[in-house]
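Input: a single structure, listed below in structure tokens.
As structure tokens, then:
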């Protein structure tokens with residue numbers, strides 16, 4: 013196993029040269045980013061812990077590296093930001109050799125290249141515990157235009173991208189021992205793929221900012237029921253979800269509460285629905301109205317077979333098990 | 013133990029309100045930072061792993077939280093940047109209760125307040141392994157003015173702030189079972205304090221940028237011998253350190269190779285030495301010339317008792333033990 017400095021030198025060779033927004037990348041005490049005039053900088057950080065967020069047997073190292081970045085790109089998507097630079101911290105147990113790490117970086121850097129994201133820094137350590145990955149990411153968005161969680165208004169329509177529940181169904185299959193290689197039906201394969209190789213909705217986030225069609229947005233990392241609650245809490249209003257409208261090939265339970273779907277959930281004033289239809293057409297992405305926002309104090313509801321019930325936030329919580 | 017969302021809500025209440033450079037803090041998919049016009053954004057990330065970087069018995073949770081931020085502030089200092097926002101990821105073993113965490117945050121947020129740094133985001137997870145802390149930090153520096161590692165020229169003088177070797181000596185005492193409470197001599201107490209409560213040289217970094225007195229800088233996280241090697245490698249030149257000039261109350265070994273000192277090592281053209289003297293006076297900080305930079309290919313040397321020897325980089329490596 014190489015020394016810390018050999019590892020860093022190796023990764024630096026593989027990471028793309030600093031260019032454009034990234035003035036100085038790996039190799040100094042910090043990276044230097046040059047924000048475009050009129051833009052703001054958007055930053056988030058995501059922690060992935062082996063045996064909490066992933067199991068090494070579930071996917072290849074390439075796919076795990078890819079997913080580590082995808083999760084952070086999804087945060088940029090939810091803000092409507094252009095992703096720019098990533099900072100990767102790895103706590104490495106000795107069971108992971110250089111070959112594993114090389115493949116992990118291939119996945120990470122490959123997805124970065126696709127979205128124009130430079131690996132601009134990071135940190136390494138050994139650990140006696142599980143493999144731990146932290147990704148901090150920066151992006152840019154036109155000043156004052158970031159998609160926040162707090163802008164939804166009563167009367168706005170509730171939209172979601174893509175379809176729901178596949179990641180949760182895939183997780184269950186992985187936990188039962190199925191893998192990408194042993195999945196025998198197309199549905200299982202899609203579900204597992206959705207869990208191990210999510211596609212961040214970066215283009216959609218940008219389209220929502222550029223058209224001004226959304227008043228608020230969040231990505232579905234914890235699950236629809238929990239993430240909708242976050243959106244309502246931050247906007248200070250209520251919402252109703254119509255069960256019959258949920259785009260899913262899986263169970264209602266998975267669609268409502270399944271985590272790690274990485275679709276966008278967003279609010280659209282009724283007068284701007286045509287813009288959403290245009291975006292759906294142009295990006296060839298399913299964008300489905302699944303409910304509406306209600307006045308403050310209305311709470312968060314599920315309408316099902318003509319009856320309403322409270323939609324409890326039962327998505328993912330890393331301290332509940 | 014609270015749920016993930018309760019924990020986040022609690023920390024959000026304690027973190028200072030977004031203001032100034034931080035437009036949007038904890039509570040959305042990402043933070044939004046508004047860079048001042050004419051400034052660039054500086055970003056770094058640092059990973060601290062229990063039993064690799066620290067031992068819970070060595071200090072209080074307040075001091076550990078303080079140090080987690082201090083290490084990142086030191087990166088901002090080395091770039092000459094004004095620190096702005098921090099992003100804290102914690103992988104928490106079940107042995108750490110809410111009381112421990114509250115105290116950890118007190119230390120972290122307290123130091124943040126002192127340097128005007130807002131805790132603007134983060135992530136939590138449980139873990140079956142050691143306590144792991146990752147801090148990503150952002151700062152701002154006047155465009156094109158960041159202190160890089162790559163700007164030193166042959167003939168520049170090599171300066172270091174403060175004194176050397178105390179953190180390594182403190183670490184050795186901590187490893188032998190001594191603590192802040194049981195240290196019986198002032199020297200042991202200073203050494204342990206230096207290790208568990210380092211003071212980042214943020215004001216010095218700013219002074220070096222504003223006066224234009226330094227051509228390159230790095231912070232001493234790995235140890236003088238290793239960090240000087242980084243500086244020489246990035247600048248493509250050699251250097252000589254004079255052993256007799258090293259400011260230390262500890263052994264030459266500790267001064268040369270001891271890690272986590274968090275002083276700044278920097279290059280100064282001879283014509284600008286008066287500016288350094290002025291900064292030392294104004295900041296009441298010892299700034300000591302310890303050597304000079306040499307032409308490319310000269311290597312990195314130690315001059316001792318009139319003789320030269322190669323200065324091997326024997327600082328800290330997280331994969332060597």
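Residue numbers (the numbering used here), protein chains in the order written: chain E, 13 to 333; chain R, 13 to 333.
We put the CB at the ideal spot given by N, CA and C, even for glycine.
Run through DSSP, which three-state label would residue i get?
| i | result |
| --- | --- |
| residue 232 of chain E | coil |
| residue 94 of chain E | strand |
| residue 137 of chain E | strand |
| residue 316 of chain E | strand |
| residue 66 of chain R | strand |
| residue 77 of chain E | helix |
| residue 56 of chain E | strand |
| residue 209 of chain E | coil |
| residue 263 of chain E | coil |
| residue 132 of chain R | strand |
| residue 179 of chain E | helix |
| residue 272 of chain R | coil |
| residue 143 of chain R | coil |
| residue 421 of chain R | No answer is possible for residue 421 of chain R: the residues shown for chain R start at 13 and end at 333. |
| residue 101 of chain E | strand |
| residue 321 of chain E | strand |
| residue 295 of chain E | helix |
| residue 227 of chain E | coil |
Give a yes or no on whether the C-beta atoms belonging to residue i and residue j are separated by under 7 Å.
| i | j | result |
| --- | --- | --- |
| residue 92 of chain R | residue 217 of chain R | yes |
| residue 119 of chain E | residue 74 of chain E | yes |
| residue 151 of chain R | residue 54 of chain R | yes |
| residue 308 of chain R | residue 249 of chain R | yes |
| residue 142 of chain E | residue 61 of chain E | yes |
| residue 172 of chain R | residue 76 of chain R | no |
| residue 275 of chain R | residue 232 of chain R | yes |
| residue 227 of chain E | residue 165 of chain E | yes |
| residue 303 of chain R | residue 57 of chain E | no |
| residue 225 of chain R | residue 126 of chain R | no |
| residue 78 of chain E | residue 33 of chain E | no |
| residue 270 of chain E | residue 177 of chain E | yes |
| residue 148 of chain E | residue 99 of chain E | yes |
| residue 52 of chain E | residue 46 of chain R | yes |
Just the Cα atoms here: how many angstroms apart are residue i and residue j?
| i | j | result |
| --- | --- | --- |
| residue 258 of chain E | residue 300 of chain E | 8 Å |
| residue 44 of chain E | residue 30 of chain E | 9 Å |
| residue 160 of chain R | residue 230 of chain R | 8 Å |
| residue 252 of chain E | residue 296 of chain E | 27 Å |
| residue 311 of chain R | residue 322 of chain R | 8 Å |
| residue 285 of chain R | residue 115 of chain R | 43 Å |
| residue 236 of chain E | residue 327 of chain E | 7 Å |
| residue 298 of chain E | residue 37 of chain E | 37 Å |
| residue 35 of chain E | residue 88 of chain E | 20 Å |
| residue 90 of chain R | residue 174 of chain R | 14 Å |
| residue 245 of chain E | residue 162 of chain E | 8 Å |
| residue 305 of chain E | residue 280 of chain E | 9 Å |
| residue 333 of chain R | residue 241 of chain R | Any answer about residue 333 of chain R is weak, because its pLDDT of 41 lies below 50 and its placement is not dependable; what the coordinates show is given next. Distance between the alpha carbons of residue 333 of chain R and residue 241 of chain R is about 20 Å. |
| residue 22 of chain E | residue 113 of chain E | 11 Å |
| residue 185 of chain E | residue 28 of chain R | 43 Å |
| residue 254 of chain R | residue 206 of chain R | 24 Å |
| residue 262 of chain E | residue 135 of chain R | 29 Å |
| residue 204 of chain E | residue 65 of chain R | 37 Å |
| residue 197 of chain E | residue 179 of chain E | 15 Å |
| residue 40 of chain R | residue 214 of chain R | 29 Å |
| residue 94 of chain E | residue 247 of chain E | 24 Å |
| residue 200 of chain R | residue 71 of chain R | 14 Å |
| residue 314 of chain R | residue 272 of chain R | 21 Å |
State buried or exposed for residue i, treating a residue as buried only when at least 16 other CB atoms are found within 10 Å of its CB.
| i | result |
| --- | --- |
| residue 111 of chain R | exposed |
| residue 67 of chain E | exposed |
| residue 182 of chain E | buried |
| residue 187 of chain R | exposed |
| residue 109 of chain E | exposed |
| residue 26 of chain R | exposed |
| residue 282 of chain E | exposed |
| residue 130 of chain R | buried |
Tell me which same chain residues have a C-beta within less than 8 Å of the C-beta of residue i, skipping the five on either side of it?
| i | result |
| --- | --- |
| residue 11 of chain E | A query on residue 11 of chain E cannot be resolved here, the shown segment of chain E reaching from 13 to 333 and no further. |
Give every residue of the same chain whose Cβ lies closer than 6 Å to the Cβ of residue i, excluding the five residues on either side of it in the sequence, and list them in chain order.
| i | result |
| --- | --- |
| residue 146 of chain R | 59, 101 |
| residue 103 of chain R | 137, 139, 144 |
Sorted by chain position, which residues of the same chain lie with C-beta nearer than 7 Å to residue i's C-beta, five sequence neighbours on each side aside?
| i | result |
| --- | --- |
| residue 221 of chain E | 92, 153, 154, 157, 159 |
| residue 212 of chain R | 82, 85, 86, 89, 274 |
| residue 316 of chain R | 255 |
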